[in-house]
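Comments concern the structure below.
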Amino acid sequence: MKISELIPSQQKLDLIFKVEEKTEPREVTTKLDGMFHKVCDVLIGDESGCIHLSLWDEDIDEVQEGKHYKITEAYTSLYRNSLTLNKGKYGSLKETEADFEINTSNNISLKEF
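Last residue of the sequence shown: number 127 in the numbering used here, and the count goes up by one each step with no gaps.
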């Protein structure tokens, strides 16, 4: 599946992407467990478009700008009416070999749903 094909509430997604930009992690407290966690917004993409990926805790250190990765068992959600990609509980995130540039002109996180 290509990033430009993503829509809200999709599950069990497998994608190959390149990391364009990674923000500094911030600390948040979740309602689920009341604990502090680190969260980081990562702009990722492929030839078709780009989207924000939310990474939590130990997953943050797994990605670096300019490298390609494969994510499995990912899902989409809406955060403040913006489409976001998330790694699922049973998902994986691994560096992979790929050779493409990101289409940053089609940022689907900027579309309102």
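Ideal Cβ placement from N, Cα and C applies to all residues, glycine included.
key: Continuous beta strand (DSSP E) stretch holding residue 30: start and end   = Here residue 30 refers to the residue found at position 16 when the sequence shown is read from its first residue. Unbroken beta strand (DSSP E) run through residue 30: 27 to 36.
message: By the DSSP assignment, the beta strand (DSSP E) with residue 88 in it spans what residues?
response: Counting from 1 along the sequence shown, the entry for residue 88 is found at position 74. Taken as a continuous stretch (DSSP letters only), the beta strand (DSSP E) holding residue 88 covers 82 to 93.
Next on the checklist: I need the DSSP call for residue 55, collapsed to helix, strand or coil.
Outcome noted: The residue you call residue 55 lines up with position 41 of the sequence shown. The answer is strand: DSSP assigns residue 55 an E or B state.
To the nearest angstrom, report how far apart residue 87 and residue 99 are at their CA atoms.
-> For the purposes of this step, residue 87 is taken as the residue at position 73 of the sequence shown. For the purposes of this step, residue 99 is taken as the residue at position 85 of the sequence shown. For residue 87 and residue 99, the distance between alpha carbons rounds to 11 Å.
*Name the one or two DSSP bridge partners that residue 114 has.*
Position 100 of the sequence shown, counting from 1, holds the residue named residue 114. Residue 114 is not bridged to any residue.
Cα-Cα separation between residue 77 and residue 63, rounded to whole angstroms
Residue mapping note: residue 77 aligns to position 63 of the sequence shown, counting from 1. Residue mapping note: residue 63 aligns to position 49 of the sequence shown, counting from 1. Each residue's Cα considered, the two are about 19 Å apart.
In whole angstroms, what separates the C-alpha of residue 33 from that of residue 83?
-> The residue given as residue 33 occupies position 19 in the sequence shown. The residue given as residue 83 occupies position 69 in the sequence shown. The alpha-carbon atoms of residue 33 and residue 83 are separated by roughly 8 Å.
Below 8 Å between beta carbons: does that hold for residue 29 and residue 74?
The count along the sequence shown starts at 1 and reaches residue 29 at position 15. The count along the sequence shown starts at 1 and reaches residue 74 at position 60. Result no, Cβ atoms of residue 29 and residue 74 do not sit closer than 8 Å.
Apply the 10 Å Cβ neighbour rule to residue 31 and answer buried if 16 or more other Cβ atoms are within range, or exposed otherwise.
-> Counting from 1 along the sequence shown, the entry for residue 31 is found at position 17. Classification for residue 31: buried.
Problem - Helix, strand or coil at residue 76 according to DSSP, with G and I counted as helix - result: In the sequence shown, residue 76 corresponds to position 62, counting from 1. Helix.
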